[in-house]
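Enquirer: Numbering (our numbering), first residue to last: 1161 to 1601.
Below you will find the structure I want to go over with you.
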Ligand SMILES: Cc1cc2nc3c(=O)[nH]c(=O)nc-3n(C[C@H](O)[C@H](O)[C@H](O)COP(=O)(O)O)c2cc1C
């Protein structure tokens, strides 16, 4: 399902907010979108640009289910399946993303947002970069992009990740195509870190058909139904990038990062520009959701895993709740160790039984309160490799971040009488029967 089709479905489902009043991309639009975080918002009139702006397409799990055409309960299964079984996308001769071709590049015509008063320049935040690694083939990932001129962007390339390692191999610059206005499957696939050589667009295509079209000026293929594509090269010229708000809702610092030169822009007629708010729900869910299947798979190797949530309160990156079917005394502890293997940046994990709704933080806390004893059920690991995003971790320039990790086994103790640990619930009633009586009085 393309982004256009998703917008239509979101409108029909009552999720979409449409703003018809003209809004400035300089600070105002981000402020309005932040005020309704968790809802997709279409800004029809953006000052200084012909393009409308969509924010928040991925700001709730329900929208991913909608965009993938599955019930919410099947979302994790669908992601797990697509990650394990990518399917090569069809290559088509013509794509709507090339209805308009502009070789006279001027990035200021796009409604690129300035998010916060501390930002040094406007940033493209929902751009999905397609590159080709000389050894491993296509890699697709998000990169925040700071506008540095009418044809140039400074790109944040996290060291050691797919784009960065390919760029280091290509001394003359690395061809890149930045797709803006992507389907939910493309957004999710771009957030995944499959093993090197696995094509993220094959994963997107396994979620929902994602035909590709050849770019006009670089030897790359992009989703034919993208709204806007910026074609160019990641050069070896460096520029200051940042400061910029990150996932943890804290400020990331200035780094020397590569400049991208854009040589051609292609787009749909009346294209929709897509943005996401750094640190807000869409950023969090896109980062965290693709790690749920990898934790699920790792836990499932050591015991039966029922479900996983990477929680927004834990920045959607550092905390997870794992639900298991406990079949032995050590299953909780084994699940903790496996969860850390399934997501290397995970810092704290809580393991619960299947009667706990892992999507309700109060229920998870209840399980900790009633089933967990710190001197029996706590796992603490010191000096572990951790997330570069965690301000409280130990950061040494040029070295992997180190952190402590903690796992809480909040499952019912093995051998205990289950009834002693189960929540006693009142019988449900049909309130309409009682309310009718009230009216009759
Ligand atoms: C919203 C969002 C923004 C991201 N921004 C960046 C970024 O600026 N730089 C970066 O290297 N990775 C960023 N990532 C992570 C990558 O998209 C991706 O998960 C990671 O690069 C995958 O690793 P790979 O390139 O080795 O496959 C971002 C992810 C999301 C979901």
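We put the beta carbon where it would ideally sit given N, CA and C, even for glycine.
With H, G and I counted as helix, E and B as strand and the rest as coil, what does DSSP make of residue 1257?
Expert: Here residue 1257 corresponds to residue number 97 of the chain shown, with the count starting at 1. Of the three classes helix, strand and coil, the one that applies to residue 1257 here is helix, per DSSP.
Enquirer: Just the C-alpha distance for residue 1605 and residue 1437, rounded to the nearest angstrom, thanks.
Expert: The structure shown has nothing for residue 1605, since the chain only spans 1161 to 1601.
Enquirer: Give me the Cβ distance between residue 1292 and residue 1386, rounded to the nearest whole Å; I'm assuming they're in contact under 8 angstroms.
Expert: To locate residue 1292, count along the chain shown from 1; it is residue 132. To locate residue 1386, count along the chain shown from 1; it is residue 226. The Cβ separation is near 17 angstroms, so there is no contact.
Enquirer: Consult DSSP for residue 1605 and reduce its assignment to one of helix, strand or coil.
Expert: In the structure as shown, the chain begins at 1161 and stops at 1601. Residue 1605 is therefore absent and cannot be evaluated.
Enquirer: Ligand 1 heavy atoms versus the CB of residue 1352: any closer than 8 angstroms?
Expert: Your numbering for residue 1352 matches position 192 in the chain shown. It does: the Cβ of residue 1352 is within 8 angstroms (strictly closer) of some heavy atom of ligand 1.
Enquirer: Within 10 angstroms of the Cβ of residue 1170, are there 16 or more other Cβ atoms? Answer buried if so, exposed if not.
Expert: Taking the first residue of the chain shown as 1, we reach residue 1170 at position 10. Buried.
Enquirer: For residue 1283, which option in 1340, 1516, 1481, 1480 has the closest C-alpha, if you only look at C-alpha atoms?
Expert: Within the chain shown, the letter at position 123 stands for residue 1283. With distances taken between Cα atoms, residue 1283 lies closest to 1340.
Enquirer: Consider the C-beta atom of residue 1249 and the heavy atoms of ligand 1; say whether any pair is separated by less than 8 angstroms.
Expert: Along the chain shown, read from residue 1 onward, the residue named residue 1249 stands at position 89. Every heavy atom of ligand 1 is 8 angstroms or more from the Cβ of residue 1249, so no.
Enquirer: Less than 8 angstroms separating the Cβ of residue 1450 from some heavy atom of ligand 1?
Expert: Taking the chain shown and counting its residues from 1, the one referred to as residue 1450 is at position 290. Because some heavy atom of ligand 1 lies under 8 angstroms away, the Cβ of residue 1450 counts as near it: yes.
Enquirer: Bridge partners for residue 1292 per DSSP, in chain order?
Expert: Locating residue 1292 in the chain shown gives position 132, counting from the first residue. Answer is 1298, bridged to residue 1292.
Enquirer: Taking only three categories from DSSP, how would you classify residue 1346?
Expert: The residue labelled residue 1346 in the question sits at position 186 within the chain shown. Helix.
Enquirer: Let's test the definition: count the other Cβ atoms within 10 Å of the Cβ of residue 1522 and tell me whether it reaches 16, buried, or not, exposed.
Expert: Taking the chain shown and counting its residues from 1, the one referred to as residue 1522 is at position 362. The residue is exposed, with fewer than 16 neighbouring Cβ atoms inside 10 Å.
Enquirer: Which of the three DSSP states is assigned to residue 1236 in this structure?
Expert: Here residue 1236 corresponds to residue number 76 of the chain shown, with the count starting at 1. Of the three classes helix, strand and coil, the one that applies to residue 1236 here is helix, per DSSP.
Enquirer: Indicate, with yes or no, if ligand 1 has a heavy atom lying under 8 angstroms from the CB of residue 1286.
Expert: As a working mapping, residue 1286 is identified with position 126 in the chain shown. The answer is yes for residue 1286.
Enquirer: Identify, in the order they occur along the chain, each residue of the same chain with its Cβ nearer than 6 angstroms to the Cβ of residue 1492, setting aside the five sequence neighbours on each side.
Expert: Numbered from its first residue, the chain shown carries residue 1492 at position 332. Excluding sequence neighbours, residue 1492 sits near 1511, 1569, 1571.
Enquirer: Do the region 1334 to 1350 and the region 1380 to 1399 meet, that is, are 3 or more Cβ pairs less than 8 angstroms apart?
Expert: Touching, yes.
Enquirer: One question on the structure: do residue 1405 and residue 1417 come within less than 9 angstroms of each other, judged by their Cβ atoms?
Expert: Numbered from its first residue, the chain shown carries residue 1405 at position 245. Numbered from its first residue, the chain shown carries residue 1417 at position 257. No.
Enquirer: Could you pull out every unbroken beta strand (DSSP E) segment of at least 3 residues lying fully inside the region 1360 to 1442, listed in chain order?
Expert: Counting only runs of 3 or more, we get 1372 to 1374, 1381 to 1383, 1388 to 1401, 1415 to 1427, 1433 to 1435.
Enquirer: At a cut-off of 8 angstroms, is residue 1410 close to ligand 1 when judged by its beta-carbon and the heavy atoms of the ligand?
Expert: Here the question's residue 1410 lines up with position 250 in the chain shown. Flag unset: Cβ of residue 1410 not near ligand 1.
Enquirer: Are residue 1426 and residue 1389 closer than 9 angstroms when you measure CB to CB?
Expert: The count along the chain shown starts at 1 and reaches residue 1426 at position 266. The count along the chain shown starts at 1 and reaches residue 1389 at position 229. Yes, these two residues count as a Cβ contact at 9 angstroms.
Enquirer: Can the beta-carbon of residue 1276 be found closer than 9 angstroms to that of residue 1313?
Expert: Stepping through the chain shown from its first residue, residue 1276 is reached at position 116. Stepping through the chain shown from its first residue, residue 1313 is reached at position 153. Cβ distance not < 9 angstroms, so residue 1276 and residue 1313 don't count as in contact.
Enquirer: From this set, 1501, 1588, 1221, which residue's C-alpha is nearest residue 1445's C-alpha?
Expert: Against the chain shown, residue 1445 aligns to sequence position 285. Residue 1445 has its Cα closest to that of 1221, out of 1501, 1588, 1221.
Enquirer: Assuming residue 1328 is part of the beta strand (DSSP E), what are its boundary residues?
Expert: As a first step, residue 1328 is located in the chain shown; it is residue number 168 there, counting from the start. No beta strand (DSSP E) contains residue 1328, which is instead part of the alpha helix (DSSP H) from 1322 to 1329.
Enquirer: Assign residue 1591 to one of two classes, buried (16 or more other C-beta atoms within 10 Å of its C-beta) or exposed (fewer than that).
Expert: Your numbering for residue 1591 matches position 431 in the chain shown. By the 10 Å Cβ count, residue 1591 comes out exposed.
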